[in-house]
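Following this note's numbering, the numbering of the sequence shown begins with 9 at its first residue and continues without gaps.
Worksheet: one structure, shown below.
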Amino acid sequence: MYTKDEQKFEDVLAQLKLITPEQIDLVKIESARSGKTFEDVLSDMHIISLESIVKASAVSRGLAYVDLTKYKVDESVLRYLPKDLSEKYQAVAFGVNDGKISIAMIDPNNVQAIDFIEKKSGMAASAYMASAESIRNVLDQYQDIGAEVSRDLGSSQIEIKSDEAGDSNDLIQDAPVTRAVNTILDYAARSKASDIHIEPREKTVKVRYRVDGILHDEMSLPLHIHPALVSRIKILSNMKIDEHRVPQDGRFDMKTAGKDIDLRVSISPTIFGEKIVIRLLDKSGGLITLDDLGIYGRAFKIISAGANRPHGMVLSTGPTGSGKSTTLYALLNKMNKPEVNIVTLEDPVEYQVDGVNQIQINNGVGLTFASGLRSILRQDPNIIMVGEIRDAETANLAVQSALTGHTVLSTLHTNNASGVLPRLLDMEIEPFLIASTVSTVIGQRLVRKICPSCKEPYEAPANLAEAIRKTVGKYLPSKVKPDKAKEEQVGYKGLPFVEDTKITLYRGKGCDVCMHTGYQGRIGIFEVFTMSPAMEKLLQQHATTLDIQNQAISEGMVTMREDGFLKALTGVTSIEEVVAKAAEN
9 MYTKDEQKFE DVLAQLKLIT PEQIDLVKIE SARSGKTFED VLSDMHIISL ESIVKASAVS
69 RGLAYVDLTK YKVDESVLRY LPKDLSEKYQ AVAFGVNDGK ISIAMIDPNN VQAIDFIEKK
129 SGMAASAYMA SAESIRNVLD QYQDIGAEVS RDLGSSQIEI KSDEAGDSND LIQDAPVTRA
189 VNTILDYAAR SKASDIHIEP REKTVKVRYR VDGILHDEMS LPLHIHPALV SRIKILSNMK
249 IDEHRVPQDG RFDMKTAGKD IDLRVSISPT IFGEKIVIRL LDKSGGLITL DDLGIYGRAF
309 KIISAGANRP HGMVLSTGPT GSGKSTTLYA LLNKMNKPEV NIVTLEDPVE YQVDGVNQIQ
369 INNGVGLTFA SGLRSILRQD PNIIMVGEIR DAETANLAVQ SALTGHTVLS TLHTNNASGV
429 LPRLLDMEIE PFLIASTVST VIGQRLVRKI CPSCKEPYEA PANLAEAIRK TVGKYLPSKV
489 KPDKAKEEQV GYKGLPFVED TKITLYRGKG CDVCMHTGYQ GRIGIFEVFT MSPAMEKLLQ
549 QHATTLDIQN QAISEGMVTM REDGFLKALT GVTSIEEVVA KAAEN
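Dropping the structure here:
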């Protein structure tokens with residue numbers, strides 16, 4: 009039975025534009041089939057983020073809502089509620105104003121908990137509904153990483169010599185080192201770091217975290233503890249702990265802060281000892297959409313059209329760490345329907361997608377991209393995702409797959425979108441085959457987003473304003489002569505008018521929320537083109553990357569640099585970020 013509360017919840021989702029009517033119908037059908045509530049089914053199907061579900065639920069029930077997933081609470085506020093009490097009631101304090109304490113709770117209707125908190129704090133409480141992730145984020149702030157690791161290691165006097173490092177049993181039982189490693193990993197997950205670098209120096213061990221693409225120094229540890237840390241991580245990663253001369257790779261899993269994290273470990277010898285780099289992949293995170301990636305206007309239409317074609321290749325390109333795989337996952341999320349069979353070959357499997365058959369590459373047993381692709385063609389796929397086209401054999405198989413009625417998604421390593429076609433030619437793919445199969449090419453980089461908590465506008469200096477007009481002036485709207493076609497081409501709202509004498513840009517001042525960097529999170533800058541008759545002629549002539557770039561621009565492609573400038577003008581990122589990333593192109 010569809011209740012009034014569920015109808016109200018559905019109406020709020022529609023008002024907030026979080027879900028389409030088609031998706032609502034799918035959720036209703038599954039709810040009727042499974043007997044689950046509308047909200048539970050919506051969560052299970054990962055159509056929208058859990059944060060959006062909590063927000064819509066709060067609005068539909070007339071409750072105040074707050075998102076604390078990236079919020080830094082002042083230490084003085086945390087002291088009003090002990091951590092054990094906050095954990096017991098899943099309620100955290102995040103602000104004090106005019107003698108009232110603001111409380112975020114999973115269940116704001118828990119009157120008993122609110123009464124107890126008011127007595128404990130001595131203040132009246134204003135209750136807000138918040139997600140479990142918001143509560144966890146604040147609970148995690150009760151501890152400081154540097155102090156915690158120092159405390160873990162404080163009682164440890166261990167100093168392992170080279171010939172002692174092989175005794176794994178002693179290391180496993182060394183509680184201080186084990187706790188220190190766990191704390192380092194846990195803090196990385198809480199900080200949404202993508203990588204951990206543990207680097208031996210001449211006198212200390214540096215631990216650095218990469219957050220939003222930038223490395224940050226977090227702590228220095230005593231040098232004598234380094235062999236123990238290395239050995240502990242080698243044990244977790246199933247590596248040889250007595251091998252110190254050659255690089256090693258491994259992996260392991262952990263669960264922390266309610267997240268399932270896959271950790272890929274690389275260890276290499278340096279002059280001061282073995283350096284460890286750990287890549288963290290959050291497998292519990294929801295998939296993002298093309299809108300979330302920052303793809304708009306003509307680029308969005310081309311990518312959507314490529315995803316809707318029954319055959320052909322959609323190729324994403326850029327350097328390592330530019331978000332290529334995330335773009336393909338967003339496409340998979342859009343294409344994932346019950347009536348299609350999707351098979352992927354990945355190295356590694358970064359996100360688990362319900363309804364998609366994902367295969368992990370294992371070179372050690374001969375499961376490569378090429379051999380795996382041959383195999384899955386016998387699995388009756390409609391859509392194939394190949395994590396990366398690395399060699400001519402994989403490229404040829406991908407092209408043949410696209411020719412035989414499959415949609416193929418993959419990535420290539422080139423500097424920009426126009427470099428994809430010459431790269432395929434270098435792999436000895438015939439020009440007519442490239443023209444027949446490649447439907448969409450995406451070039452991208454990642455830029456940091458300005459922190460919304462400390463974003464401020466400023467007037468661009470005259471020389472910078474002139475450079476901006478020279479780069480994207482042709483895309484700016486006109487007050488006196490509106491051009492709908494131009495607006496649809498770029499897809500951005502809030503751009504300055506071409507007649508404006510001044511140009512406003514934005515920057516982050518730096519605050520506790522963004523660790524005083526002025527940035528929080530990342531978004532893509534893109535350039536996208538599709539195959540055209542003119543492009544096919546250039547292929548037949550073995551044209552250069554520059555020729556293809558010029559042709560794509562003449563057909564309406566917005567370049568990465570231009571896309572970045574437009575994002576800077578709308579306050580998404582800073583002009584400095586765009587210039588730095590555009591210089592890589």
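Ideal Cβ positions, reconstructed from N, Cα and C, are used throughout, including at glycine.
- Message: Whole angstroms are fine: how far does the CA of Leu71 sit from the CA of Ile51?
- Response: The residue given as residue 51 occupies position 43 in the sequence shown. The residue given as residue 71 occupies position 63 in the sequence shown. Reading off the sequence shown, one finds Ser at residue 51, where the question assumed Ile. Whole-angstrom Cα-Cα distance: 20 Å.
- Give every residue of the same chain whose Cβ lies closer than 7 Å to the Cβ of Ser245, excluding the five residues on either side of it in the sequence, and list them in chain order. For the purposes of this step, residue 245 is taken as the residue at position 237 of the sequence shown. Here the set comprises Gly258, Arg259, Phe260 and Val273.
- When we look at the beta-carbon of Thr328 and count the other beta-carbons within 10 Å, is it buried (16 or more) or exposed? Start at 1 with the first residue of the sequence shown, and residue 328 comes out as number 320. Under this definition Thr328 is an exposed residue.
- Task: Work out the CA separation of Arg218 and Ala173 for me, nearest whole Å.
- Result: As a working mapping, residue 173 is identified with position 165 in the sequence shown. As a working mapping, residue 218 is identified with position 210 in the sequence shown. Because Ala173 sits at a pLDDT of 39, beneath the cut-off of 50, its placement in the model cannot be relied upon, and the following sentence gives the value as read from the coordinates. If I take the Cα positions, the gap works out to 29 Å.
- Runs of beta strand (DSSP E) wholly within the region 210-251 (minimum 3 residues, chain order): 212-219 and 222-230
- Item | Collapsed DSSP secondary structure at Glu18 in the structure displayed | Stepping through the sequence shown from its first residue, residue 18 is reached at position 10. Three-state DSSP puts Glu18 in a helix.
- Query: Which value, in whole angstroms, describes the spacing of the CA atoms of His550 and Val446?
  - Reply: Taking the sequence shown and counting its residues from 1, the one referred to as residue 550 is at position 542. Taking the sequence shown and counting its residues from 1, the one referred to as residue 446 is at position 438. Straight-line Cα distance between these residues: approximately 16 Å.
- Item | Environment of Gly374 [buried if 16+ CB atoms lie within 10 Å] | Within the sequence shown, numbered from 1, the residue matching residue 374 stands at position 366. Flag for Gly374 reads exposed.
- Taking all protein chains shown into account, decide if Leu381 is buried (16 or more other Cβ within 10 angstroms of its Cβ) or exposed. As a working mapping, residue 381 is identified with position 373 in the sequence shown. So Leu381 ends up on the buried side.
- Message: Count Cβ pairs between the region 469-488 and the region 422-433 that sit closer than 8 Å; are there 3 or more?
- Response: no
- Query: What's the call for Leu223, buried or exposed, on a 16-neighbour Cβ count within 10 Å?
  - Reply: Here residue 223 refers to the residue found at position 215 when the sequence shown is read from its first residue. Label assigned to Leu223: exposed.
- Gly372 to Gln360, Cα distance in whole Å? Counted from its first residue, the sequence shown places residue 372 at position 364. Counted from its first residue, the sequence shown places residue 360 at position 352. Those two C-alpha atoms are separated by around 22 Å.
- Residue closest to Val81, alpha-carbon to alpha-carbon, out of Ser333, His232 and Leu147: As a working note, residue 81 is residue 73 in the sequence shown. Nearest option by C-alpha distance: Leu147.
- Query: Can the beta-carbon of Ala138 be found less than 8 Å from the beta-carbon of Ala101?
  - Reply: Start at 1 with the first residue of the sequence shown, and residue 138 comes out as number 130. Start at 1 with the first residue of the sequence shown, and residue 101 comes out as number 93. Contact: no.
- Query: In three-state DSSP terms, what is Phe377?
  - Reply: In the sequence shown, residue 377 corresponds to position 369, counting from 1. The answer is helix: DSSP assigns Phe377 an H, G or I state.
- Starting from the N-terminal side, write out each stretch of the alpha helix (DSSP H) that is 4 residues or longer and does not extend beyond the region 350-394. 377-384
- Message: Does Gly174 come out as helix, strand or coil in the three-state DSSP assignment?
- Response: If you number the sequence shown from 1, residue 174 lands on position 166. Its pLDDT being 42, under 50, Gly174 is placed unreliably in this model, and the coordinates cannot settle the point.
- Where are the alpha helix (DSSP H) runs, 4 residues long or more, that stay fully inside the region 85-120, in chain order? Secondary structure within the region 85-120: the alpha helix (DSSP H) runs of 4 or more consecutive residues, fully enclosed, are 91-97 (chain order).
- Taking the C-alpha atoms as reference points, what is the distance between Asp175 and Val254? As a position in the sequence shown, residue 175 is number 167, starting the count at 1. As a position in the sequence shown, residue 254 is number 246, starting the count at 1. Only weak support is given to the placement of Asp175: the predicted model assigns it a pLDDT of 45, under 50, and the value that follows is read from those uncertain coordinates. Between Asp175 and Val254, the C-alpha separation is close to 19 Å.
- Task: Assuming Gly526 and Gly518 form a contact by the criterion Cβ under 8 Å, report the distance between their Cβ atoms to the nearest whole angstrom.
- Result: Taking the first residue of the sequence shown as 1, we reach residue 526 at position 518. Taking the first residue of the sequence shown as 1, we reach residue 518 at position 510. 5 Å between Cβ atoms; contact.
- Message: Excluding the 5 residues flanking Ile55 on each side, which residues of the same chain have their C-beta closer than 6 Å to its C-beta?
- Response: The count along the sequence shown starts at 1 and reaches residue 55 at position 47. These residues qualify, in order along the chain: Gln31.
- Item | Stretch pair the region 77-97 + the region 112-132: three plus CB contacts closer than 8 Å | Output reads yes: the region 112-132 touches the region 77-97.
- Three-state class that DSSP yields for Ala72 in the structure shown: Along the sequence shown, read from residue 1 onward, the residue named residue 72 stands at position 64. The answer is coil: DSSP assigns Ala72 none of H, G, I, E or B.
- Task: Go ahead and label Ser418 buried or exposed: buried means 16 or more other beta carbons lie within 10 angstroms of its beta carbon, across all protein chains shown.
- Result: To locate residue 418, count along the sequence shown from 1; it is residue 410. Ser418 should be labelled buried.
- Thinking Ser582 and Arg530 are a contact (beta carbons under 8 Å), I'd like their distance in whole angstroms, please. Here residue 582 refers to the residue found at position 574 when the sequence shown is read from its first residue. Here residue 530 refers to the residue found at position 522 when the sequence shown is read from its first residue. Incorrect: roughly 12 Å between the Cβ atoms, too far for contact.
- Does the Cβ of Ile682 have 16 or more other Cβ atoms within 10 Å, making it buried, or fewer, making it exposed? The requested residue 682 is not part of the displayed model; the chain covers only 9 to 593.
- Query: Below 8 Å between beta carbons: does that hold for Val521 and Lys78?
  - Reply: Numbered from 1 along the sequence shown, position 513 holds the residue referred to as residue 521. Numbered from 1 along the sequence shown, position 70 holds the residue referred to as residue 78. Their beta carbons are under 8 Å apart, which means Val521 touches Lys78 by this criterion.
- Query: Whole-angstrom Cβ separation of Met321 and Ala425, contact assumed at under 8 Å?
  - Reply: Counting from 1 along the sequence shown, the entry for residue 321 is found at position 313. Counting from 1 along the sequence shown, the entry for residue 425 is found at position 417. Contact doesn't hold; Cβ gap of about 13 Å is too wide.
- Check whether Met543 and Gly451 have beta carbons under 8 Å apart: Against the sequence shown, residue 543 aligns to sequence position 535. Against the sequence shown, residue 451 aligns to sequence position 443. Annotated as distal: Met543 and Gly451, with beta-carbon spacing of 8 Å or more.
- So what does Tyr527 bridge to, in DSSP terms? On the sequence shown, residue 527 is found 519 positions in, with the first residue counted as 1. Paired residue(s): Ile458.
- Query: Going along the chain, which residues of its own chain have a beta-carbon closer than 8 Å to the beta-carbon of Leu4, five neighbours each way excluded?
  - Reply: There is simply no residue 4 to check, as the chain begins at 9 and stops at 593 in what is shown.
- Pull up the distance between the alpha-carbon of Ala22 and that of Arg240, whole angstroms please. For the purposes of this step, residue 22 is identified with residue 14 of the sequence shown, where counting begins at 1. For the purposes of this step, residue 240 is identified with residue 232 of the sequence shown, where counting begins at 1. Computed Cα separation, rounded: 50 Å.
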